[in-house]
Amino acid sequence: MNLANRLLLPAAIVLLAACSSQPSSVIVQEKQLGSCPMQLRKGQTVTITLPSNPTTGFRWIVADAAPGVLRSLGPEVYTTPEDAGLVGSAGKSTWRYEVYQKGDGRLLMQYRRPWEVEVAPAKVIDCPISVR
């Protein structure tokens, strides 16, 4: 066995291990958005899930979804826990994005009543995103 063949197998194993250790899907919840900036890789899927209760008039507004690096995979999906059984109970809002190119962006989300434009949001998520 020549030197090239002996080096090829270990190199292939290292490359496969590196690829398998990188998650293809990133799930982010509100408490994790405090640990910004987010480091992402092209090809990953990002799922953001936040507590929400639109019956109070408040909802999450996506003011900036890093359009230079993230592509939306659909509209916001709102769900309530099946066991709540209460009208007006809180649920969760979920957004899915594909990381489609390298670069930098910003995820800016505001929890507010959309008609209260002069009132500060109740919550703000402002998270720099870097795709390498």
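In our numbering, the protein residues as written are 7 to 138.
For glycine and all other residues, C-beta sits at the position ideal for the given N, C-alpha and C.
| Item | Value |
| --- | --- |
| Just to confirm, is the Cβ distance from Ser58 to Trp66 under 8 angstroms? | yes |
| What is the DSSP secondary structure of Trp101, counted as helix, strand or coil? | strand |
| For Pro60, which of helix, strand or coil comes out of DSSP? | helix |
| Quick check: Ile131 and Val75, are their CB atoms within less than 8 angstroms of each other? | no |
| Using 8 angstroms as the threshold, is the C-beta distance between Cys184 and Pro73 below it? | The structure shown does not extend to residue 184, since the chain spans only 7 to 138, so no value can be given for it. |
| Going straight from the alpha carbon of Glu104 to that of Val68, what length do you get? | 16 angstroms |
| Among the residues of its own chain, which have a CB less than 7 angstroms from the CB of Gly80, if the five just before and after it don't count? | Arg102 |
| Quick check on the burial criterion: 16 or more other C-beta atoms within 10 angstroms. Buried or exposed for Ala126? | exposed |
| Can you name, in chain order, every residue of its own chain whose Cβ lies under 6 angstroms from the Cβ of Val52, other than the five neighbours on each side? | Val32, Tyr103 |
| Which residues in the same chain have their Cβ closer than 6 angstroms to the Cβ of Val83, if we skip the five residues on either side of it in sequence? | Thr100 |
| Please return the same chain residues whose Cβ sits closer than 6 angstroms to the Cβ of Pro87, not counting the five positions on each side in sequence. | none |
| Any idea if Arg138 is buried or exposed, counting beta-carbon neighbours within 10 angstroms, 16 or more meaning buried? | exposed |
| Straight-line CA distance for Val34 to Gly97? | 16 angstroms |
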